[in-house]
Amino acid sequence: TVVMGCTHYPFVIPVIEEITGPAVRTIDPAPAVARQVRRLLMERSLLNLGESGGKLHFYTSGDLQAFVELHPKLLGEAGDVQQVKWNDRLHLSE
Numbered sequence: 003t004v005v006m007g008c009t010h011y012p013f014v015i016p017v018i019e020e021i022t023g024p025a026v027r028t029i030d031p032a033p034a035v036a037r038q039v040r041r042l043l044m045e046r047s048l049l050n051l052g053e054s055g056g057k058l059h060f061y062t063s064g065d066l067q068a069f070v071e072l073h074p075k076l077l078g079e080a081g082d083v084q085q086v087k088w089n090d091r092l093h094l095s096e
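Read in order, the letters of the sequence shown are residues 3 to 96 in this note's numbering.
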């Protein structure tokens, strides 16, 4: 059994399953994380219950151009992307 340790690892589950074959089971934590986020948003009255979705905003500490090009392919839609960096005080800065 392989447990994905990060919410973005599910993008590579098909590759892992192709390599390991049916004898190895993969566990994807992303659905549980999404349920927890939904619960927290509901508790704080922040969940959008309307028919129309919100605007997507992405933040990356990695290569900005690579993320701009890759995220629509992975997620099926594009959003605004902003580069962030960790500063010495362990806070994100623009």
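Beta carbons: idealized from backbone N, C-alpha and C, even for Gly.
I need the straight-line Cα distance from residue i to residue j, nearest angstrom please.
| i | j | result |
| --- | --- | --- |
| V70 | A32 | 22 angstroms |
| P74 | V83 | 11 angstroms |
| E45 | M6 | 27 angstroms |
| L48 | Q67 | 31 angstroms |
| A36 | H10 | 12 angstroms |
Since residue i and residue j are thought to touch, with beta carbons under 8 angstroms apart, how far apart are those beta carbons, to the nearest angstrom?
| i | j | result |
| --- | --- | --- |
| G78 | L58 | Not a contact, Cβ separation roughly 11 angstroms. |
| I15 | D30 | 6 angstroms |
Along the beta strand (DSSP E) that carries residue i, what are the first and last residues, could you check?
| i | result |
| --- | --- |
| H59 | 59-62 |
| V86 | Counting along the chain, V86 falls outside any beta strand (DSSP E), and DSSP gives it neither H nor E. |
Could you give the first and the last residue of the continuous alpha helix (DSSP H) run that contains residue i?
| i | result |
| --- | --- |
| A32 | 32-45 |
| P12 | Per DSSP, P12 belongs to no alpha helix (DSSP H) and is neither H nor E. |
Candidates the options: which alpha carbon is nearest residue i's?
| i | options | result |
| --- | --- | --- |
| I21 | H10, C8, V4 | V4 |
| Q85 | L42, G64, P24 | G64 |
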